[in-house]
Amino acid sequence: MSATSAPDLSWTRSVRRRRVRVPTVLQLEAVECGAASLAMILARYGAWVPAEELRINCGVSRDGANALNLIRAARRYGLEADGFKRELDELPNEPFPVVAFWGFNHFLVIEGVDRKGLHLNDPAYGRRAASWEEGDAKFTGLTLHFAPGTRFERRGRPPSGLRAMLPLASGSWSSVVFALLAGIALLAPALAIPAVTKLFVNQAVAGSNAAGWAAALGLALGLAVLLQWYLLHLQQIVALRFNVKLGLLLGDRLVGRALRLPQSFFDQRFSGDVAYRVTLASQVAATLSGQVAPALLAVLSSLVYLAILAFFALPLAGIAVLGGIANATAVWAAQRKRVDLSVRATKELTTFNGMIAYGLQTIDTVKATGGESDLFASVAGVHARVISSWNEFQRPTIVLAAMPAFISQATTLAVLGVGALLAIDGSLSDGALLASTVALAGFLAPIATIVNLSSSVQQLRANLIRMEDLLEQPEDPVLRLPEGASNGQRFRSRRRLRGELELAGVTFGYSRVSPPLIRDFHLHVDPGSRVAIVGLTGSGKSTLARLIAGLLLPWEGEVRLDGRHYLDWPRETITSSLAMVNQDIVMFAASIRDNLTLWDRSVPDEHVVAAARDAFIHEEIVRRPGAYDASVEEAGRNWSGGERQRLEIARALAVNPSILVLDEATSALDPLVELQIDQALRQRGCTSVIVAHRLSTIRDADEIIVLDRGRVVQRGSHQELVHAGGQYLRLVGTE
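This is the structure:
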């Protein structure tokens, strides 16, 4: 079959419908699709496992998880698991549900099939349908089968949005109660309208004093409207205050918790996703105060209006219920259709936005290579697909979107028709008939709001789960300060380390399901000594540096400072004695002083200036207007690459550390400046651990350690290693 010919899917006409539903578990990040898919399978059999636990057991990293790790994790939970290679036409015979590898970059659950296509439970979007054409394009053939084994045990319970929401209202129950009472009070003037309508029609029109009745009832309606406006005004003010208070409280909790999480949490997640979770506070507060509360009041309002209809005539209430069910079904169907169709549209839009963002970020490269036309052609092609997919998304939902209004009108006509028959029969007055139409409108109006609440609650639940994942993470064991205390006053700690460093039998890896990267590593450094760590890319140099700095905790063994375990020291002592400069330069939109001290006002100015001098950046600073109070733009855009790296070094030296870890800290500097900074660091006399590719500045180190894939292959002085030959000599020869 040629690449352009359509696939032969005639066999799908004989596919029998088979489907096994599983609970939906949405992934918190793109790389968690495999763990989320396994969570759905486990939940199907009664085991609800926390996302973080599955993430660890599945070996999820920034590269995701592979099928083998999913199988190993499933067997750890007592499931019988295995993987198979299947063709698309073999899928109808699979023991659903199965996990499938989709599009060579995504795991999802296939719940079943029918003639139209596949029923998917996608951890990225939830339940959706996929045509056989999409299946032919995206199904890779890899399926994972799971079944409970003899060791399988039910555990846990489904996550509850209500359980997560209740603690959020603590301290704000008075506002919640007042908003509910105000909402209930709002029903009184609203309910007065049908009663006044009935009274006016029955008395004013049928009676002799029509003008008097009209004036009195008009005054009553006016007062009802004024009361309704006043109560609504109060309710909105209280809701706004609740929104602001909840947003502030949640924001403080999320930011505070994020800053107290261990480095491993951030290593395994994308910074954009973590930042998004921190900003969820305002979304959750707005949803709770602006959508959930009004929808709950709408439910109460509909029930009251239905009771009025039943009071006037039970047949009219029955018609209203049928119309309400039909209306709700139409709104729900429209939502489901839009969800299914939005998957492709959203993906195309995401691709388009990503291409635009990447093009703008690399515009200098695009212009330098003359690639404007090629970039425009690519962007225009993706944009055309975006427009096409959104048109396909809108077209089928237009009719469904018009159905609720049509059903409401049909229900009103039915109530009028039946009500007219009852009025002719004498069992319903003319006023009650007209009042019934008013009550019917009040009953039907909130239905769309109530049904639409389901999507809002689903999004709210997803946001609460994201927040809960962050809030329930164990905090960094290095932290020893209570919640709310400042950890920035580093110079208030009088106790400082001498600079002795020891690694005793340290073993570490980034995934518990994979072999460790560093195994049984030993190192002892006397105060003031210099140790260099060298090796090829990926040998574990930076990992070792981060272990020394306390950013990572070893699986086995200990990191000791001045003879004591790292965790036995107060954090203030560590942060005032140990500093690290890594390859990633981070500059904030703030003053130079704030960038060097990280807003720690306890750092003396003489320490800041001395650090800048030793980093050979002082002259560049004082030449700028404002000197140390001059502004640094976001990401340090108004500084060159070498200047930013020297500012990063000055930031580490500002605390006057007794132990300094340098991880490729001078890679952007020319050899002369690098040599000057190296001499300044020697004069400081602090213990130095240097990770370097360029070997010129580490030749006189007291010990040089050569790593290869996490193993120590050589160690000794420069002369000893050169004389011994081996990998170090090859590294020297490449310079």
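The numbering of the sequence shown is my numbering, which starts it at 458 and goes up by one.
Think of the CB as a built atom: it goes at the ideal place given N, C-alpha and C, for glycine as much as any other residue.
Of the listed residues Ile1074, Ala1111, His1180, Ala493, nearest to glycine 1098 (C-alpha basis): Ile1074
Report back the beta-carbon spacing between serine 494 and leucine 548 to the nearest angstrom; my notes put them in contact at under 8 Å. With 8 Å as the limit, serine 494 and leucine 548 do not qualify as a contact, their Cβ atoms being about 16 Å apart.
Bounding residues of the beta strand (DSSP E) (the contiguous stretch that carries arginine 1017): Run containing arginine 1017: 1013-1018, per the beta strand (DSSP E) assignment.
Assign leucine 848 to buried or exposed, taking buried as 16 or more other Cβ atoms, counted over all protein chains shown, within 10 Å of its Cβ. Contrary to the premise, residue 848 reads as asparagine rather than leucine in this sequence. Counting Cβ neighbours within 10 Å, asparagine 848 comes out exposed, since fewer than 16 surround it.
Does DSSP classify arginine 1081 as helix, strand or coil? Coil.
Does the beta-carbon of threonine 736 have 16 or more other beta-carbons within 10 angstroms, so that it is buried, or is it exposed? exposed
Using a threshold of 8 Å, state whether the C-beta atoms of leucine 890 and glycine 899 are closer than that. Contact: no.
Own chain residues within Cβ distance below 7 Å of arginine 572, not counting five before or after: Thr469, Arg470, Val472
Could you check where the alpha helix (DSSP H) with aspartate 1062 kicks off and where it finishes? Looking at the DSSP string, the run of the alpha helix (DSSP H) that includes aspartate 1062 is 1062-1071.
Just the C-alpha distance for leucine 878 and tryptophan 789, rounded to the nearest angstrom, thanks. 33 Å
Pick from Val1079, Val556, Leu1132: whose alpha carbon is nearest that of aspartate 539? Relative to aspartate 539, the option among Val1079, Val556, Leu1132 whose CA is nearest is Val556.
Taking the alpha-carbon positions, what's the glycine 995 to tyrosine 967 distance? C-alpha of glycine 995 to C-alpha of tyrosine 967: approximately 13 Å in a straight line.
Candidates Leu577, Ser1124, Gln866: which alpha carbon is nearest phenylalanine 553's? Leu577
Look at the Cβ atom of valine 1089, then the Cβ atom of serine 1048, and state whether they are nearer than 8 Å. yes
Assuming isoleucine 765 and proline 651 are in contact, meaning their beta carbons sit under 8 Å apart, how far apart are those beta carbons, in whole angstroms? That belief holds up - the Cβ atoms of isoleucine 765 and proline 651 are roughly 6 Å apart, short of 8 Å.
Over what stretch of residues does the alpha helix (DSSP H) that includes tryptophan 589 continue unbroken? 589-595
Rounding to the nearest angstrom, what Cα-Cα distance links glutamine 828 and asparagine 810 in this structure? Per the sequence presented here, residue 828 reads as glycine, with glutamine not at that position. Going by the C-alpha atoms only, they are around 18 Å apart.
Proximity winner among Arg923, Asp821, Pro1114, relative to isoleucine 1031 (alpha-carbon distances): Pro1114
Just how far apart, CA to CA, sit alanine 594 and glutamine 693? 51 Å
By Cβ distance below 8 Å, which residues in the same chain neighbour alanine 1087 in space, the five residues on each side in sequence not counted? Ser1048, Ile1049, Ile1078, Arg1081
Could you check how far apart the C-beta atoms of histidine 602 and phenylalanine 541 are, in whole angstroms? I think they sit under 8 Å. 7 Å
Close-in-space but distant-in-sequence residues of the same chain around arginine 533 (CB under 8 Å, 5 per side omitted): Asn514
Determine the burial state of glutamine 818: buried for a count of at least 16 other Cβ atoms within 10 Å of its Cβ, exposed for fewer. Glutamine 818 comes out exposed.
Can you give me the Cβ contacts of leucine 1129 inside the same chain, cut-off strictly under 6 Å, excluding the 5 residues immediately before and after it? Take leucine 1129, set aside five residues on each side of it, and no residue of its chain has a beta-carbon closer than 6 Å to its own.
Assumed close pair isoleucine 1161, valine 991 - CB separation to whole angstroms, cut-off 8 Å: 6 Å
With glutamine 1102 and isoleucine 1042 assumed to form a contact (beta carbons below 8 Å), what rounded beta-carbon distance in angstroms separates them? 6 Å
DSSP beta-bridge partners for histidine 1022? Partner(s): Arg1017.
Under 8 Å, do threonine 1154 and leucine 1117 count as touching if we go by C-beta distance? no
Which residues share a DSSP beta bridge with valine 566? Val556, Asn578
For valine 446, which of helix, strand or coil comes out of DSSP? Outside the displayed span of the chain (458 to 1192) sits residue 446, for which this structure offers no information.
Is DSSP giving methionine 1044 helix, strand or coil here? coil
Start and end of the beta strand (DSSP E) containing isoleucine 1116? 1116-1120
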